[in-house]
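Colleague: Let me begin by handing over the structure; questions about it come next.
The structure is reproduced here in structure tokens:
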């Protein structure tokens, strides 16, 4: 009896070639966008010490308590974790390699993250993020710049139904004051708290305000407001961010219950949300995290950043955006006959030298069967060479997408002609 075929781990998906074309187009668009703001690429390992995420994210968070893929290294007993998010890894790398010694840093990264949560549309156990971090910048203009960056990307991608929510979490002293009042308030209604809220009451009560439990919404609405405890510096910082957004006519809503799911945030936080992806509608989120660099072991420095989920953005793009995935091929080269077969390989290399993407048919077959493969290849053109064309130094160029006449051309003028036709669209 043969072995049954193995399947991918649940929530960890294959990205097949047709779909990967859309990913490549998106990644190219994002790289150009980030380059235009002066952000540089950094790449961190997939596996980090577990202590990094416990220290950075907070031990009493869903990510650390429930969602991390952690394990013991069988060789040396080290406690390791597949990274559940990128900010902590990026900050660790900046500290380890002393990148802030001479100048602030604008950095970005992309790649897979891992969380053990229930797979649903656009949300998987292995998911991919673009992360953007500005380290060493204390002024509110960087908070605003990162929000403006996102607004530009949505325009570039053709997304429309995306809205901005912002809030401020103030500084540590204000949060401590608010925390004491919040605990005192919630303790009065202990019998109304759900299991998560009771567990967080004395460890991370601010996260209770972000609960989606319908039974707790009235209680949360009446809770003390962090905004009432803010010190003047934090208020002025938040007002400055809003002033820049208004200058650029960016529409936003202040959401006082927006606290984010990670402990390291302070002052400005923001989320870009949509109602097109169900209850989990956040496609991009971030904010300021001025204490994290010191928390992880570096010298105190300001920082601000955000991350976006690629799967969720692509899902939204496919629903409403102007998706323009890359064509995989320019030319599918069809050939039959001894002389044509010998010449086709040489001709394919000449076209590639001219910057064209060429698939050379392999495996023989009639012209009819080869043309079927050309049609299904996504190539813009079929280039047909038989023995007669090879003898005459010619080839037939047939457009496969849209209108256009079939042309018989000298092989010496093929590359220039095809490139001109591609530029014209």
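Residue numbers (this note's numbering): 54 to 478. Ideal placement from N, C-alpha and C gives every residue a C-beta, glycine not left out.
In whole angstroms, what separates the C-alpha of residue 79 from that of residue 135?
Modeller: 25 Å
Colleague: Should residue 274 go down as buried or exposed, given a rule of 16 or more other Cβ atoms within 10 Å for buried?
Modeller: exposed
Colleague: Can you check which of these residues, 441, 439, 67, 450, is closest to residue 432 by C-alpha distance?
Modeller: Checked all of 441, 439, 67, 450; the closest Cα to residue 432 is 450.
Colleague: Nearest to residue 309 by alpha carbon, out of 263, 441, 290?
Modeller: Among 263, 441, 290, the Cα nearest to that of residue 309 is on 263.
Colleague: Work out the CA separation of residue 407 and residue 437 for me, nearest whole Å.
Modeller: 18 Å
Colleague: Using the three-state DSSP reduction, which class does residue 385 fall into: helix, strand or coil?
Modeller: Note: residue 385 maps to strand in three-state DSSP.
Colleague: In this structure, how does DSSP classify residue 99 when only helix, strand and coil are distinguished?
Modeller: coil
Colleague: DSSP three-state label for residue 266, please.
Modeller: coil
Colleague: Identify, in the order they occur along the chain, each residue of the same chain with its Cβ nearer than 7 Å to the Cβ of residue 220, setting aside the five sequence neighbours on each side.
Modeller: 307, 308, 309, 311, 322
Colleague: On a Cα-Cα basis, can you pick out the residue from 384, 359, 420, 394 that is closest to residue 410?
Modeller: Taking only the C-alpha atoms, the option nearest residue 410 is 384.
Colleague: Just verifying my parser: in three-state terms, what is the DSSP assignment at residue 119?
Modeller: helix
Colleague: Could you please give the first and the last residue of the uninterrupted alpha helix (DSSP H) stretch that includes residue 253?
Modeller: 248-253
Colleague: Keeping to the same chain, check which residues put their C-beta closer than 6 Å to that of residue 423; ignore five residues upstream and five downstream.
Modeller: 387, 414
Colleague: Pick out whichever of 428, 282, 349, 405 has its Cα sitting closest to the Cα of residue 148.
Modeller: 349
Colleague: Grab me the residues of residue 67's own chain with a C-beta within less than 7 Å of its C-beta, minus the 5 sequence neighbours each way, in chain order.
Modeller: Excluding sequence neighbours, residue 67 sits near 61.
Colleague: Over what stretch of residues does the beta strand (DSSP E) that includes residue 179 continue unbroken?
Modeller: 179-188
Colleague: Can you check the stretch 185-220 for any alpha helix (DSSP H) of at least 4 residues that lies completely inside it and give the ranges in chain order?
Modeller: 193-210
Colleague: Rounded to a whole number of angstroms, what is the C-alpha to C-alpha distance between residue 352 and residue 103?
Modeller: 21 Å
Colleague: Indicate the three-state DSSP secondary structure (helix, strand or coil) for residue 127 in the structure shown.
Modeller: coil
Colleague: Which one of 435, 164, 63 has the shortest CA to CA distance from residue 99?
Modeller: 164
Colleague: For a test of the three-state rule: what should DSSP assign to residue 151, helix, strand or coil?
Modeller: Note: residue 151 maps to coil in three-state DSSP.
Colleague: For residue 92 versus residue 177, is the C-beta distance shorter than 7 Å?
Modeller: no
Colleague: For residue 318, does the three-state DSSP call read helix, strand or coil?
Modeller: Correct three-state label for residue 318: coil.
Colleague: Check whether the Cβ atoms of residue 382 and residue 430 lie closer than 7 Å to each other.
Modeller: The Cβ-Cβ distance between residue 382 and residue 430 falls below 7 Å.
Colleague: Between the stretch 350-369 and the stretch 324-338, do at least 3 Cβ pairs fall closer than 8 Å?
Modeller: Cβ pair count under 8 Å is three or more, so yes.
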